[in-house]
């Protein structure tokens with residue numbers, strides 16, 4: 009399970025290729041549970057995943073890691089007959105579960121960088137490439153934007169999410 013960047017790690021940890029590279033113990037997770045991950049990176053063979061459920065939780069208005077890129081990846085995984093489900097919250101921004109920490113208002117994360125308009129793919133030798141420019145990805149790319157919104161949603165926290 010992971011949240012935001014950790015959600016991205018939790019999501020892509022399911023890739024068979026990464027399991028073969030890094031999982032020397034052979035232990036398997038029961039499931040992969042990413043919360044509001046960035047799904048904008050297309051890795052080579054990214055529909056070849058562990059035979060375990062993936063359950064993604066995301067807010068519809070999230071402008072830090074937009075849910076649209078997760079929907080695109082979800083569609084590719086479902087086409088490949090993988091066990092993946094997206095639960096979408098129409099009233100929740102990025103970090104909607106932070107109400108557990110007492111954060112109940114949505115605010116701008118001043119000067120925080122977001123790759124919300126970037127389309128990344130794995131290139132030659134595993135290098136992440138900006139799909140639009142074909143150049144290696146950098147947080148200085150024109151697709152990088154600033155000031156996304158974050159904040160807890162007390163309604164979701166009350167529901168145990």
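Numbering (our numbering), first residue to last: 9 to 169.
Ideal placement from N, C-alpha and C gives every residue a C-beta, glycine not left out.
Computed from a predicted structure; not experimentally measured.
Length of the line joining the Cα atoms of residue i and residue j
i	j	result
residue 116	residue 123	16 Å
residue 19	residue 155	24 Å
residue 145	residue 127	10 Å
residue 31	residue 85	22 Å
residue 56	residue 99	32 Å
Run of the alpha helix (DSSP H) containing residue i, from where it starts to where it stops
i	result
residue 14	13–20
Nearest-angstrom Cβ-Cβ length linking residue i and residue j, presumed shorter than 8 Å
i	j	result
residue 91	residue 62	7 Å
residue 69	residue 101	6 Å
residue 66	residue 96	6 Å
residue 50	residue 129	5 Å
residue 37	residue 60	6 Å
Boundaries of the beta strand (DSSP E) in which residue i is found, first to last residue
i	result
residue 159	157–159
residue 129	128–130
Distance cut-off 7 Å: residue i Cβ against heavy atoms of the ligand NAP
i	result
residue 95	Among the components modelled here there is no ligand, and therefore nothing to report on the ligand NAP.
For the structure I just gave you, are there three or more beta carbon pairs, one from the segment 10–19 and one from the segment 42–49, closer than 8 Å? Using a C-beta cut-off of 8 Å, the segment 10–19 makes contact with the segment 42–49, since at least three inter-stretch Cβ pairs fall below that distance.
For a minimum of 4 consecutive residues, which ranges assigned as the alpha helix (DSSP H) are wholly contained in the segment 30–104? 75–87
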